[in-house]
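According to mature numbering (1 follows the signal peptide of the UniProt record, and there is no 0), the stretch in the sequence shown is residues -26 to -1, 1 to 424, in order.
All C-beta atoms in this analysis are idealised placements derived from N, C-alpha and C, irrespective of residue type, glycine included.
Treat the numbers as computed from the prediction; the structure is a model and nothing was measured.
Some notes on the structure that comes next.
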Amino acid sequence: MKLKLTLLSAALLSSSLLLIPTSSEAKLPVAVDGQQLPTLAPMLERVTPGVVSIQVSGAKEVRRRVDPFDFFFGNPAPRTQKRPFSGLGSGVIIDADEGYVVTNNHVIDEADNIVVTLKDGREFKAKLIGADKESDVALLQIDNDDLTEVKLANSDKLRVGDFSVAIGNPFGLSHTVTSGIVSALGRSGLNIEGYEDFIQTDAAINQGNSGGALVNLNGELIGINTAILGASGGNVGIGFAIPSNMMKNLVDQIIEYGQVRRGSLGIVGRTLNAGLAEAQGFDVKQGVFVQEVTPDSAAAEAGIKANDVITRIDGDKIESFEELRGKIATLGEGREIEISIHRDGRNRTLDVKLQGQNERQAQADRIHPSLRGAVLESSERNGNQGIVVVSVEERSPAARVGLQEGDVIMQVNRQRVTTVRDMKRLIDDIQGNIVLGIKRGRDSVFYLIQ
């Protein structure tokens, strides 16, 4: 530890010898040998007023620990109780005229009071316009004429290696700026949110950065900082942001409809891997293998067939089923898109108009944590109306329970279920063990989850 402190002190001393002026008239150099020194300062001076701090407070309903003496004396207390909470996060002004501020849903979830603080210290009570828990986006509105918005970039044009700058309020430290690069694109399957298509960056992101801005070197918004990956909950150079295009699609739906209307393609599929590609004789190695097409769905009407491989949406590569699912859902109901497929050794492009999802599909951990890693969909297969297990990640909790891709969940504790919503409602009311009755081909199997 002493060695680290010594080196830091030395670095500060060297800097002071080089940069501190010797007289009041002296100025810091802006160029060396006629070359302009690189700096992000002008861009940040323009952009940081559009990034805000968000303070929230409210009361959350939590499960109360059951006291045996309450029952002994015949006076059982309620199973839940309200507990006050407060929190800090970040947000981005995306429309100065309307006063729209975008942030993460988890920043403002269940908050009764939301206060937005600008860089110049002005505070405003914010109105919640709408939010979407599954994609972790929320839209706020503040009333003021003198605001600075952050312009949106086309996040579909990002490339791995592009420079990125994160702006937010980690640990309550207002308008902290960190920089790095785009480390990866289209990250999904992390089970952070219901619909994932993350930008990964090594720009330092910490607690309190949630909802803040990830911008390019032009000061344009490329993403909304959302999550970090690290054993201690601190920065280890792996941060995730919701792409600006995805955010805009969701926000536009919230503004127009007051909610997100998810798009639906209507396929059962899985991520294409090398073994599957070899077995099927495909010339492509990446994409989504279509196992089944739902009748009368958007996919069926567009001409997508089982055994096709979906490779692109609107020209952008698709590498996994989770990425496809996230993009389709957030594009929204009624959107017209181009889907590129590989069929019989040829590539072709189909025009698709997305239908509404009507909340038919959900990540299974939204229903019960022991089912994490599975995707469920209200559907009908082989005449059995129930909840279809669309996919199961290897070595996930859902896989350990025993769920397999293609299973149809028919019962919960011997009660018939036909939709994801029915299943969630039943499980929420069960205090003890839960037994799932499943139709697997011609067989019936039962699995216990706790």
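Looking only at DSSP bridge pairs, what is GLN329 linked to?
-> SER238
Return the chain-ordered list of same chain residues with a C-beta closer than 7 Å to the C-beta of GLY406, the five sequence neighbours on each side being excluded.
-> none
Backbone CA spacing between ILE302 and LEU328 [nearest angstrom] = 8 Å
Just how far apart, CA to CA, sit GLY104 and ILE202?
-> 24 Å
Check whether LYS93 and ARG57 have beta carbons under 8 Å apart | no
Using the C-alpha atoms, what's the distance from GLY63 back to VAL139?
-> 17 Å
Report, in whole angstroms, the separation of the C-beta atoms of ASN199 and ALA215, which I expect to be a contact under 8 Å.
-> 5 Å
Counting along the chain, where does the beta strand (DSSP E) carrying GLY213 start and finish?
-> 213 to 217
Tell me whether SER418 sits in a helix, a strand or coil according to DSSP, three-state version.
-> strand
Among GLN265, SER148, PRO371, GLY380, which one has its Cα closest to the Cα of VAL283?
-> GLN265
When the Cβ atoms of the segment 252 to 271 are set against those of the segment 283 to 297, are three or more pairs found closer than 8 Å?
-> yes
In terms of alpha-carbon separation, which member of ARG374, ILE383, GLY347, ALA372 lies closest to ILE361?
-> ILE383
Return the chain-ordered list of same chain residues with a C-beta closer than 6 Å to the C-beta of SER314, the five sequence neighbours on each side being excluded.
-> THR285, ARG286, THR323
For the ligand ZN, is there a heavy atom less than 7 Å away from the beta-carbon of LYS301?
-> This structure does not include the ligand ZN; it has no bound ligands of any sort.
For VAL242, the nearest candidate out of ASN219, PHE172, SER352, ARG317 (CA to CA) = SER352
Looking at SER148 and SER27, is the spacing between their C-beta atoms short of 8 Å?
-> yes
Hey, how far is the Cα of LEU345 from the Cα of GLY95?
-> 45 Å
Nearest neighbour of GLN171, chosen from ILE196, ILE88, ILE155 [CA to CA] = Reading off the sequence shown, one finds Asp at residue 171, where the question assumed Gln. Among ILE196, ILE88, ILE155, the Cα nearest to that of ASP171 is on ILE196.
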